[in-house]
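Numbering (this note's numbering), first residue to last: 214 to 411.
For each residue, glycine too, the CB sits at the ideal point set by N, CA and C.
Quick notes on the structure that follows.
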Amino acid sequence: MRKGEQTRQEIIRRAAPLFNQRGYDGAALSDLMRATGLEKGGIYRHFSSKEALAAEAFDYAWRETLDARIHDLGTISNTVDRLRQLVANFVERRGIIPGGCPLLNTAIDTDDGNSVLRGRARTALRGWRSYIISIISAGIKAREIRPRIDAKKLATLIISSLEGSVMLYRLERNEEALRAVQAHLDDYLETEVRLTSK
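Below, the structure is given as structure tokens:
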């Protein structure tokens with residue numbers, strides 16, 4: 214990797230927590246300069262605008278977060294167990310990028326504004342949902358998941374439950390909602406989703 218590209222990646226890595234914690238408008242250029250150790254010109258030599266940097270920082274933060282959420286899932290053969298591990302990873306591996314879930318933060322931060330970041334968040338959500346749908350579809354095909362299960366609805370239920378529990382966790386500063394949602398999803402996956410032989 215060339216030195217210029219290394220510098221660019223380091224700027225993204227250092228800017229990601231700042232945008233994730235403070236949002237697009239809350240991350241001032243002076244904060245970005247302090248976090249990266251570069252002057253304004255040094256940052257803008259690598260990025261055409263603050264928005265371009267924020268978009269790349271979101272992609273980086275989401276990639277790191279998603280990697281933590283799907284950590285070791287490929288080693289689990291049963292699809293229901295894989296979904297349960299996905300839920301456990303979500304609950305146990307929250308603090309990858311300081312500030313919480315980049316998807317939730319960016320979705321809220323851009324609700325009334327920044328169309329570029331909103332587009333990145335929507336793309337991330339679609340990718341995450343598609344990943345979960347692929348697990349569910351494989352489970353139906355392998356006769357591990359009940360055939361009547363609607364893969365998209367189940368994926369949406371899992372994502373909505375987990376992201377909602379993060380919002381409560383952040384507001385209340387305790388893990389009760391996270392643990393309750395994990396227990397509920399585990400039970401639901403066992404009793405309503407897993408196909409058991411009769």
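Assign residue i to one of three DSSP states: helix, strand, or coil.
i, result
"R407", "strand"
"A267", "helix"
"N387", "coil"
"R225", "Looking at the sequence itself, residue 225 is Ile, so the reference to Arg does not match. In the structure shown, I225 sits in a helix (DSSP, three-state: H, G or I)."
"N233", "helix"
"H259", "coil"
"L251", "coil"
"R295", "helix"
Taking Cβ positions, are residue i and residue j nearer each other than 7 Å?
i, j, result
"L299", "R356", "no"
"E376", "L317", "yes"
"R221", "H259", "yes"
"A368", "R342", "yes"
With 16 as the cutoff for other CB atoms within 10 Å, does residue i come out buried or exposed?
i, result
"N242", "What sits at residue 242 in the sequence shown is Leu, not Asn. Exposed, by the Cβ-count rule."
"R282", "buried"
"S261", "exposed"
"P360", "exposed"
"G236", "buried"
"E403", "exposed"
"L398", "buried"
### Segment contact flag, the stretch 336 to 356 with the stretch 285 to 299, C-beta cutoff 8 Å, min 3 pairs
Flag = yes, the stretch 336 to 356 and the stretch 285 to 299 touch.
### Query
Fully enclosed by the stretch 297 to 381, which alpha helix (DSSP H) runs are 4 residues long or longer?
For the stretch 297 to 381, whole alpha helix (DSSP H) runs of length 4 or above, ordered along the chain, are 315 to 322, 328 to 354.
### Query
Are the stretch 328 to 343 and the stretch 260 to 279 touching by the rule of at least three beta carbon pairs closer than 8 Å?
At 8 Å Cβ cutoff, the stretches touch.
### Query
Is it a yes or a no for the stretch 306 to 315 touching the stretch 361 to 381, going by three-plus beta-carbon pairs under 8 Å?
Yes, the stretch 306 to 315 is in contact with the stretch 361 to 381.
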